[in-house]
Amino acid sequence: MHEITMRYRMSTRDAFYGGGVVNGARSITLLEDAADRLMAKVYKNTGRCSKVKKIRLFVPCFAGDYIEIRARILKEEDEKTLIEVRSFKVAQIPEKPKFASSIDVLEDPPLSTLAIFEYEIPKKKLDRKSGNKALSGIRVLDLTHAYNGPFCTTLLGDNGAEVIKFEPIGGEQCRFWPPIDEKTNESGFYAFLNRNKKGCTINLKSDKGREIFYKLVKEADIVVENFRPGVTKKLKVDYETLKKINPGIIYASGTGFGQYGPLSHRPCYDIVAQSLAGMVNITGYPDTPPVKVGASIADNVTGIYLCVGVLMALYRRSVTGKGQHVDVAMADTIFTLLENAIVTTTLSGTIPQRQGNIDLTIAPFNIYEAEDGYVALGVGNDKLFKVFCDVIGRSDLVQHPKYCTNDLRVKNYNDGLHDIIVQWVKKHKKRDIEEMFDKVGIPCGPVLDMKEAIEHPQFQEREMMVHMEHPLIGDMYFQGCPIKLSATPGSVDTPAPMLGQHNKEIYGLSDAELEELKKEGII
Numbered sequence: 011m012h013e014i015t016m017r018y019r020m021s022t023r024d025a026f027y028g029g030g031v032v033n034g035a036r037s038i039t040l041l042e043d044a045a046d047r048l049m050a051k052v053y054k055n056t057g058r059c060s061k062v063k064k065i066r067l068f069v070p071c072f073a074g075d076y077i078e079i080r081a082r083i084l085k086e087e088d089e090k091t092l093i094e095v096r097s098f099k100v101a102q103i104p105e106k107p108k109f110a111s112s113i114d115v116l117e118d119p120p121l122s123t124l125a126i127f128e129y130e131i132p133k134k135k136l137d138r139k140s141g142n143k144a145l146s147g148i149r150v151l152d153l154t155h156a157y158n159g160p161f162c163t164t165l166l167g168d169n170g171a172e173v174i175k176f177e178p179i180g181g182e183q184c185r186f187w188p189p190i191d192e193k194t195n196e197s198g199f200y201a202f203l204n205r206n207k208k209g210c211t212i213n214l215k216s217d218k219g220r221e222i223f224y225k226l227v228k229e230a231d232i233v234v235e236n237f238r239p240g241v242t243k244k245l246k247v248d249y250e251t252l253k254k255i256n257p258g259i260i261y262a263s264g265t266g267f268g269q270y271g272p273l274s275h276r277p278c279y280d281i282v283a284q285s286l287a288g289m290v291n292i293t294g295y296p297d298t299p300p301v302k303v304g305a306s307i308a309d310n311v312t313g314i315y316l317c318v319g320v321l322m323a324l325y326r327r328s329v330t331g332k333g334q335h336v337d338v339a340m341a342d343t344i345f346t347l348l349e350n351a352i353v354t355t356t357l358s359g360t361i362p363q364r365q366g367n368i369d370l371t372i373a374p375f376n377i378y379e380a381e382d383g384y385v386a387l388g389v390g391n392d393k394l395f396k397v398f399c400d401v402i403g404r405s406d407l408v409q410h411p412k413y414c415t416n417d418l419r420v421k422n423y424n425d426g427l428h429d430i431i432v433q434w435v436k437k438h439k440k441r442d443i444e445e446m447f448d449k450v451g452i453p454c455g456p457v458l459d460m461k462e463a464i465e466h467p468q469f470q471e472r473e474m475m476v477h478m479e480h481p482l483i484g485d486m487y488f489q490g491c492p493i494k495l496s497a498t499p500g501s502v503d504t505p506a507p508m509l510g511q512h513n514k515e516i517y518g519l520s521d522a523e524l525e526e527l528k529k530e531g532i533i
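Each residue of the sequence shown is one higher than the one before, starting from 11 at the first, in the working numbering.
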């Protein structure tokens, strides 16, 4: 089924049309046969558009009205599958509309006209490898560097978006971060973080460079950047500038402290965001200095939040036709991860301190030393505690006045219960402990090093370790796509680009033109 919707701005003549009002606009929908007469069936089962088609829409309207024409094209075999929602055209009907003739369909007022618009269905050139992914057909212009921004665009690329990464002529800083392959001097970190992307070089400080970029913005869906606030404005590639070129553009910014606020001007790294938001102060043991979380979670989760924000804005654009600015700050990201620590501080007035591996809401919850390593163990409620006590041969603890409820166990954990568990665990091998608790449904797992984790069948079977043939480094293995979609699964298909590898493809210029731009320092 094809559906064409004409949306009118509100007017005093609204009564003459009938129908409802949507988002402050008149709405007339042509369905089934009427739509089929207007629109050629150009979409194959693959969702790929075979040709660019122009559809002539005959729309009852009045001189001076504004009209927005929007298309929603659905697959014939599945009316729930949305193929195209992004294209629209807005026009003001002149006093004497072009290609218009008088009609008497509407008797009052008598001067109504039938305006004819041409609606162009854009041709979508989908990559054969990513054509069936969730974000196939979405184009992302990637101005990011370092970590949080590239992680966002990696998630988008893994799920089918065409991600075009723009770098300065000498390459972005991540290209020089360890581990560095000794034979090729290529960064393994860059290779992991920039798979499924096309690579271009560009000098955005130059007028010519910006003009090249602006042309691409016209046909893009998303721009992602992670410069400090103010930098993109100086470069004239900020949201306010780009939305004038493409009102539907979604512009995502991942920064240390956001687009506004007293610290918004500051640079930031993960350790700074973790520290300022309070995460470092509650990480570690009471008798040791503060410790940052091992992984760069401020970068990681900011990238995830950026991706979520982009997808929200993408959906909203399918309703309104308009893009928006997505603003995510690393410090805000960490602040949201503090969960119960914030509520504890505001509700009870108690400021949480470093507690090691224990949890302030359930007990036992800790990492214990076994005969051959360490195991993590969590007993989250009274029912599990009874089962736990049966396994360790201490059923008497279930009715113990200090441990009979979870809140008492939390309060009295260091008053005997910790030592009891320590003594039992150290007499057993970690694999045996894992099996004993797995049989009765108690969360438990060994503490693995990186090699053990990589080789673990859980990550192998879920394709969380993938092989990639890098053009210079050769065989590489790194993390796969963590989001498992049943109908449109993501995947890692192409290696990270060489510097400027796709200049010719993306810019559509001849070799001579590209060479001239190189000499001028544009690409």
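We put the CB at the ideal spot given by N, CA and C, even for glycine.
Original post:
Cβ of threonine 498 within 8 angstroms of Cβ of alanine 144?
Top reply: For the purposes of this step, residue 498 is taken as residue 488 along the sequence shown, with counting starting at 1. For the purposes of this step, residue 144 is taken as residue 134 along the sequence shown, with counting starting at 1. Alanine 144 sits close to threonine 498, with the two beta carbons spaced by under 8 angstroms.
**OP:** Could you check the C-alpha separation between isoleucine 483 and threonine 194 for me, to the nearest Å?
**Re:** What you label residue 483 is simply residue 473 of the sequence shown in a count that begins at 1. What you label residue 194 is simply residue 184 of the sequence shown in a count that begins at 1. Their backbone Cα atoms lie some 6 angstroms apart in a straight line.
Subject >> Inter-residue spacing [alpha-carbon to alpha-carbon] between proline 362 and isoleucine 148 >> reply: To locate residue 362, count along the sequence shown from 1; it is residue 352. To locate residue 148, count along the sequence shown from 1; it is residue 138. So the alpha carbons of these two residues sit roughly 44 angstroms apart.
Subject >> Cutoff 6 angstroms; reference valine 311; Cβ partners in own chain excluding five residues on either side >> reply: Taking the sequence shown and counting its residues from 1, one reaches residue 311 at position 301. Short of 6 angstroms from the beta carbon of valine 311, and not among the five residues preceding or following it, lie these beta carbons of its own chain, in chain order: Thr343.
Subject >> Candidates Lys437, Val450 and Ile402: closest to leucine 427 by CA position >> reply: Within the sequence shown, numbered from 1, the residue matching residue 427 stands at position 417. Nearest C-alpha to leucine 427 among Lys437, Val450 and Ile402: Ile402.
Original post:
Grouping DSSP H, G and I as helix and E and B as strand, with all else coil, what is glycine 518?
Top reply: In the sequence shown, counting from the first residue as 1, residue 518 sits at position 508. Of the three classes helix, strand and coil, the one that applies to glycine 518 here is coil, per DSSP.
Subject >> Unbroken stretches of the beta strand (DSSP E), 3 residues or longer, contained in the stretch 445–469 >> reply: 454–456
Original post:
Hey, how far is the Cα of valine 612 from the Cα of phenylalanine 395?
Top reply: Residue 612 lies beyond the range of the chain shown here (11 to 533); nothing can be said about it.
**OP:** Determine the burial state of glutamate 196: buried for a count of at least 16 other Cβ atoms within 10 Å of its Cβ, exposed for fewer.
**Re:** In the sequence shown, residue 196 corresponds to position 186, counting from 1. Counting Cβ neighbours within 10 Å, glutamate 196 comes out buried, since at least 16 surround it.
**OP:** Compute the distance between the beta-carbons of leucine 153 and phenylalanine 176, then report whether it is under 8 angstroms.
**Re:** For this step, residue 153 is matched to residue 143 along the sequence shown. For this step, residue 176 is matched to residue 166 along the sequence shown. Cβ atoms of leucine 153 and phenylalanine 176: closer than 8 angstroms.
Subject >> Length-filtered (4 minimum) alpha helix (DSSP H) runs lying within the stretch 420–444 >> reply: 428–435
Subject >> Separation of arginine 205 from glycine 531, as counted between CA atoms >> reply: Here residue 531 refers to the residue found at position 521 of the sequence shown. Here residue 205 refers to the residue found at position 195 of the sequence shown. So the alpha carbons of these two residues sit roughly 26 angstroms apart.
Original post:
Tell me the DSSP bridge mates of aspartate 152?
Top reply: Position 142 of the sequence shown, counting from 1, holds the residue named residue 152. DSSP output for aspartate 152 lists Lys175 and Val234 as bridge partner(s).
**OP:** Take every Cβ of the stretch 329–342, pair it with every Cβ of the stretch 268–285, and state whether three or more of those distances are shorter than 8 angstroms.
**Re:** Under the Cβ criterion (8 angstroms, minimum of three pairs), the stretch 329–342 counts as touching the stretch 268–285.
Subject >> Contact set for aspartate 137: own chain, Cβ-Cβ below 6 angstroms, skip 5 residues either direction >> reply: Translated into positions along the sequence shown, residue 137 becomes position 127. Confidence is the limiting factor: at aspartate 137 the pLDDT is only 45, short of 50, which leaves the residue's position unreliable, though a coordinate-based value still follows. Result list for aspartate 137: empty, nothing under 6 angstroms.
Subject >> Sequence-distant residues of the same chain with beta carbon closer than 8 angstroms to arginine 220, five excluded per side >> reply: Numbered from its first residue, the sequence shown carries residue 220 at position 210. So the list reads Leu214, Leu245, Lys246 and Val247, once near-sequence residues are dropped.
Original post:
In three-state terms, what does DSSP make of lysine 207?
Top reply: Stepping through the sequence shown from its first residue, residue 207 is reached at position 197. Strand.
**OP:** Have a look at Thr346, Leu495 and Ile174 and flag the residue whose alpha-carbon is nearest the alpha-carbon of glycine 288.
**Re:** For the purposes of this step, residue 288 is identified with residue 278 of the sequence shown, where counting begins at 1. Comparing Cα-Cα distances from glycine 288 to each of Thr346, Leu495 and Ile174, the minimum goes to Thr346.
Original post:
Looking at aspartate 231 and isoleucine 260, is the spacing between their C-beta atoms short of 8 angstroms?
Top reply: As a first step, residue 260 is located in the sequence shown; it is residue number 250 there, counting from the start. As a first step, residue 231 is located in the sequence shown; it is residue number 221 there, counting from the start. Their beta carbons are under 8 angstroms apart, which means isoleucine 260 touches aspartate 231 by this criterion.
Original post:
Could you give the C-beta distance for aspartate 439 and glutamate 515, rounded to a whole number, given that I count them as a contact under 8 angstroms?
Top reply: By one-based count along the sequence shown, residue 439 stands at place 429. By one-based count along the sequence shown, residue 515 stands at place 505. Per the sequence shown, residue 439 should be read as lysine rather than aspartate. Between lysine 439 and glutamate 515, the beta carbon gap of about 56 angstroms keeps them out of contact (Cβ cut-off 8 angstroms).
**OP:** Within the same chain, show all residues whose beta-carbon is closer than 7 angstroms to that of alanine 44, passing over the 5 residues directly before and after it, in chain order.
**Re:** Looking up residue 44 in the sequence shown gives position 34. Summary for alanine 44: the model assigns pLDDT 35, below 50, so the residue's position carries little reliability, and this model does not support an answer.
Original post:
Does the distance from the CB of valine 336 to the CB of valine 320 come in under 8 angstroms?
Top reply: To locate residue 336, count along the sequence shown from 1; it is residue 326. To locate residue 320, count along the sequence shown from 1; it is residue 310. Going by C-beta atoms, valine 336 is nearer than 8 angstroms to valine 320.
Subject >> Buried or exposed by the 16-neighbour rule on C-beta atoms within 10 Å, applied to glycine 518 >> reply: Here residue 518 refers to the residue found at position 508 when the sequence shown is read from its first residue. That one is exposed.
**OP:** Would you give the residue range spanned by the beta strand (DSSP E) that threonine 265 belongs to?
**Re:** Counting from one through the sequence shown, the residue named residue 265 turns up at place 255. Segment 260–265, the beta strand (DSSP E) holding threonine 265.
**OP:** For aspartate 168, count neighbouring Cβ atoms within 10 angstroms of its own Cβ and tell me buried if that reaches 16, exposed if not.
**Re:** Here residue 168 corresponds to residue number 158 of the sequence shown, with the count starting at 1. Buried is the call here.
Subject >> For serine 216 and valine 241, the rounded distance between their alpha carbons >> reply: Within the sequence shown, the letter at position 231 stands for residue 241. Within the sequence shown, the letter at position 206 stands for residue 216. So the two alpha carbons sit approximately 14 angstroms from each other.
Original post:
How would you label valine 290, buried or exposed, when you count the other beta carbons within 10 angstroms and need 16 or more for buried?
Top reply: One-based indexing of the sequence shown puts residue 290 at position 280. By the 10 Å Cβ count, valine 290 comes out buried.
Subject >> Rounded straight-line distance, which links the Cα of cysteine 278 to that of glutamate 86 >> reply: Here residue 86 refers to the residue found at position 76 of the sequence shown. Here residue 278 refers to the residue found at position 268 of the sequence shown. At glutamate 86 the pLDDT is 40, less than 50, meaning the model places this residue with poor confidence and gives no usable figure here.
Subject >> Boundaries of the alpha helix (DSSP H) in which leucine 387 is found, first to last residue >> reply: To locate residue 387, count along the sequence shown from 1; it is residue 377. Here leucine 387 belongs to no alpha helix (DSSP H); instead the beta strand (DSSP E) covers 383–388.
Original post:
Where does isoleucine 443 land, buried or exposed, given buried means 16+ other C-beta within 10 angstroms?
Top reply: Sequence index remark: in the sequence shown, residue 443 carries index 433 (1-based). It counts as buried.
**OP:** In angstroms with no decimal places, state the Cα-to-Cα distance between glycine 180 and glycine 510.
**Re:** Within the sequence shown, residue 180 is the residue found at index 170, counting from 1. Within the sequence shown, residue 510 is the residue found at index 500, counting from 1. Their backbone Cα atoms lie some 10 angstroms apart in a straight line.
Subject >> Where alanine 534 falls: helix, strand or coil (DSSP) >> reply: As shown, the chain starts at 11 and ends at 533. That puts residue 534 outside it, with no answer to give.
Original post:
Smallest Cα separation from phenylalanine 161: which of Pro492, Cys491, Glu379 and Gly313?
Top reply: Working through the sequence shown from its first residue, we reach residue 161 at position 151. Selected option, being the one with the closest Cα: Gly313.
Original post:
Does the distance from the C-beta atom of alanine 262 to that of valine 303 stay below 8 angstroms?
Top reply: Here residue 262 corresponds to residue number 252 of the sequence shown, with the count starting at 1. Here residue 303 corresponds to residue number 293 of the sequence shown, with the count starting at 1. Here alanine 262 is not near valine 303, since their CB atoms are 8 angstroms or more apart.
Subject >> Three-way DSSP call (helix, strand, coil) for aspartate 191 in this model >> reply: By 1-based counting over the sequence shown, the position of residue 191 is 181. Reduced to three states, the DSSP call for aspartate 191 is coil.
Original post:
What are the residues that DSSP puts in a beta bridge with glutamate 479?
Top reply: Taking the first residue of the sequence shown as 1, we reach residue 479 at position 469. Paired residue(s): Asp485.
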